[in-house]
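These protein sequences, in sequence, are chains U and L.
Residues are numbered in my numbering as their position in the first sequence, beginning at 1, plus a constant of 7.
Residues are numbered in my numbering as their position in the second sequence, beginning at 1, plus a constant of 60.
Here is the structure we will look at.
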Amino acid sequence: MKFLEYLESRIYDIIYYILFLFLIIFILAAAGTKGFYIFLFSAISAGAFLLFLFFSFRKAEKESEKIRTLADSIEEAYYISEVLPKPRRLQDQAMYYALQKACLAMNNRLSAQEQDHQEYQEYIETFAHEIKIPISALSLTFDNENNFALKKETDRISQLVEQMLYYARSENPEKDSFIRETFLDEIVHNVILKYRRYLMEHNVKLDIDINNVIIYTDIKWLTFILSQIIQNSIKYFDKSEKILSVQTLVRPSSVTLIMEDNGCGIPAADLPRIFEKGFTGSDRSRANATGMGLYLARKLALRLGLDLTAESAEGEYTRILLHFPKGTVHRFE
Amino acid sequence: MRIAIIEDDDRTRQELAKLLIRYGYDTVQPDHFEDMAAELTGIPADLILMDINLPYENGYELCRRIRDTSRVPVIFVTSRDTSEDELKSIRAGGIDFIAKPYDPLILLEKIRRALHLTDPENYRELTRKDCTLDLHMSVIKYKGRETELTRNEFRILYYFFMNNGRILSKEELLEKLWNDRYYLDENILLVNMTRLKHKLRDIGITHLLRNIRGEGWIL
């Protein structure tokens with residue numbers, strides 16, 4: 008089949024050859040050559056031509072295959088023009104030229120885009136830092152005035168700015184992570200302190216039982232992850248007796264931090280989707296959700312080499328599990 | 061204890077001073093940023109809270125220059141919170157680092173730590189108004205009689221012993237308790253206060269804690 012296609016692509020050569028053959032046959036016949044010799048000549052000539060066509064087909068096939076493998080093996084396909092063998096045929100050279108042009112245009116576009124993206128990211132970073140100055144002034148003022156209502160609004164602004172900042176950073180967090188030895192219980196304690204006003208306001212009963220585990224991680228990132236989880240717990244409490252428990256499960260090769268609340272839970276149909284970007288739940292219209300919190304939490308957790316999973320029964324509980332594999336844990340006591 | 065606040069945002073500076081004064085610290089707020097290092101050498105301070113983005117000269121450089129002449133501890137207070145900033149602050153000779161917007165509770169804790177004002181763990185007992193609180197046994201003694209306290213009751217009483225003569229409000233007690241990982245809610249705190257008063261009365265202590273309506277309690 009492929010050979011037929013190839014023949015089709017060389018149709019002019021073939022027509023030319025046939026016409027030429029006829030011409031020779033005509034001349035031979037006119038010169039009085041015997042029919043047998045004319046036939047013999049034609050058969051040999053046609054056979055040789057077919058053989059020639061077949062071998063050039065095989066060669067073309069081999070070369071095409073080489074180019075295809077090359078194209079498939081290269082990760083960033085827009086560099087393909089750099090590695091292709093330079094063609095000798097006129098038409099192929101034009102194609103090659105066109106491809107080079109296309110790749111160059113693509114590369115230029117890409118680096119311009121990357122540059123823009125980086126500048127944008129730097130702007131976001133600067134913006135977040137600048138806006139934290141007035142936020143901080145407000146926050147401190149409301150603290151001093153014991154104005155919890157406005158303090159809460161300020162906290163909300165601060166949390167949203169934080170989320171934006173971490174979203175911008177989540178593209179390449181390696182740039183900003185600082186792995187240090189730290190105590191898991193201390194990080195949890197600080198996150199609880201951060202949200203103490205909310206927990207006290209809702210009369211949340213805390214049940215904290217954390218083994219004395221040393222972990223190696225970035226404190227800031229882990230704090231952000233735990234903050235997202237605790238914010239969700241606070242947001243989705245729906246019973247009069249509210250319980251938030253934080254426990255550790257220590258296994259020989261890993262530690263799991265289990266954060267469980269007895270809030271409204273997550274419908275089974277939604278559970279597999281809660282870590283998706285922008286997912287705000289099928290029936291949670293009352294909450295002002297961005298759908299970014301858990302998405303970012305999981306993304307950052309994976310970047311830190313941790314895993315974040317969830318279990319829930321609707322109306323009963325939500326349990327978020329953060330797994331620290333062996334490499335991130337030092338010692339159990 | 062005097063704390064120098066170096067911060068170019070006026071509002072933040074004033075509110076920070078207000079907060080620190082409320083917690084019993086003296087503050088100075090130098091604001092001539094053209095020649096801050098020179099101004100600082102003329103001001104005796106036990107601790108410096110230093111912003112990083114300052115006019116004329118950033119906080120790191122300032123800190124390095126101060127280091128030439130003095131060993132006063134510096135805590136960096138900044139809206140930039142990248143690990144690079146944290147590293148720079150350590151290199152510049154800062155002893156701690158806190159990101160804006162900060163939680164007063166955490167800021168105050170860091171200040172206490174920097175000034176080595178941690179609670180006197182090595183004391184065995186504290187005595188106020190003839191009542192003795194045994195820190196190891198969780199027991200309160202008065203005129204030969206004594207009663208045992210629960211974990212929570214002991215902790216609450218401990219704060220009153222440590223804050224002699226200051227009114228402690230319900231909110232402040234809760235914050236202190238949470239800071240020390242006793243996550244009680246308001247109801248449980250009130251139950252504990254009532255039980256504590258009964259226990260104290262049982263061994264004849266009626267003069268120790270005074271209720272100030274609408275404000276809190278005082279030792």
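Backbone N, C-alpha and C define an ideal beta-carbon position, used for all residues, glycine too.
Just so you know, these numbers come straight off a predicted model, no measurement behind them.
At a C-beta separation below 8 Å, residue 140 (chain L) has these neighbours in chain U: 136. Counting of Cβ neighbours within 10 angstroms places residue 275 (chain U) among the exposed residues, the total staying below 16. The three-state secondary structure of residue 132 (chain L), taken from DSSP, is coil.
Out of L:223, L:190, L:251 and L:203, the CA that lies nearest to the CA of residue 84 (chain L) is found in L:223. Legend: CB atoms of the region 211-233 of chain U lying less than 8 Å from CB atoms of chain L belong to residues 211, 212, 213, 215, 225 and 227.
Straight across, the Cα-Cα distance linking residue 212 (chain U) with residue 127 (chain L) is about 47 Å. In this structure residue 220 (chain L) is in contact with residue 279 (chain L), their Cβ atoms being roughly 4 Å apart against a cut-off of 8 Å.
Annotation for residue 278 (chain L): the continuous beta strand (DSSP E) segment containing it runs 276-278. With its beta carbon less than 7 Å from one in chain L, residue 143 (chain U) belongs to the interface. Distance between residue 79 (chain L) and residue 151 (chain U), taken at the CA atoms: about 6 Å. Per DSSP, residue 133 (chain U) has no beta-bridge partner at all.
Residue 297 (chain U) has a beta carbon lying at 7 Å or more from every beta carbon in chain L. Per DSSP, residue 92 (chain L) lies in no alpha helix (DSSP H) and is assigned neither H nor E. Residue pairing of residue 218 (chain U) in beta bridges, as defined by DSSP: absent, with no partner found.
Beta-bridge partners assigned by DSSP to residue 138 (chain L): L:159. Across the structure, residue 240 (chain L) and residue 93 (chain L) are spaced so that their CA atoms are roughly 38 Å apart.
In this structure, residue 144 (chain L) keeps its C-beta atom at 7 Å or more from the C-beta atom of residue 111 (chain L). Here residue 262 (chain U) is not near residue 185 (chain U), since their CB atoms are 7 Å or more apart. Residue state for residue 143 (chain U) is assigned as helix, using DSSP reduced to three classes. Comparing C-alpha distances from residue 275 (chain L) to each of L:264, L:232, L:251 and L:120 shows the shortest one belongs to L:232. Burial of residue 240 (chain U) is indicated by the presence of at least 16 other C-beta atoms within 10 angstroms of its C-beta.
Between the alpha carbons of residue 139 (chain U) and residue 114 (chain L) lies a distance of about 15 Å. Judged by pairs of C-beta atoms under 8 Å, the region 156-163 of chain L touches the region 129-148 of chain U, as three or more such pairs exist. Of the other Cβ atoms in all chains shown, 16 or more fall within 10 Å of the Cβ of residue 134 (chain L); this residue is therefore buried. Counting of Cβ neighbours within 10 angstroms places residue 202 (chain U) among the buried residues, the total reaching 16 or more.
In the three-state reduction of the DSSP assignment, residue 208 (chain L) falls in the strand class. When C-alpha distances from residue 210 (chain U) are compared across L:234, L:258 and L:269, the shortest belongs to L:234. Under the 7 Å criterion on CB atoms, residue 79 (chain L) is classed as interfacial with respect to chain U. DSSP places residue 223 (chain L) in no alpha helix (DSSP H); its state is neither H nor E. Three or more Cβ pairs drawn from the region 306-321 of chain U and the region 224-237 of chain U lie within less than 8 Å of each other, which places the two stretches in contact. When rounded, the separation of the alpha-carbon atoms in residue 89 (chain U) and residue 107 (chain U) is 8 Å. Sorting U:259, U:48 and U:191 by C-alpha distance to the C-alpha of residue 253 (chain U) places U:191 at the top. For residue 317 (chain U), the enclosing beta strand (DSSP E) has its first and last residue at 314-320. Per DSSP, residue 284 (chain U) lies in no alpha helix (DSSP H) and is assigned neither H nor E.
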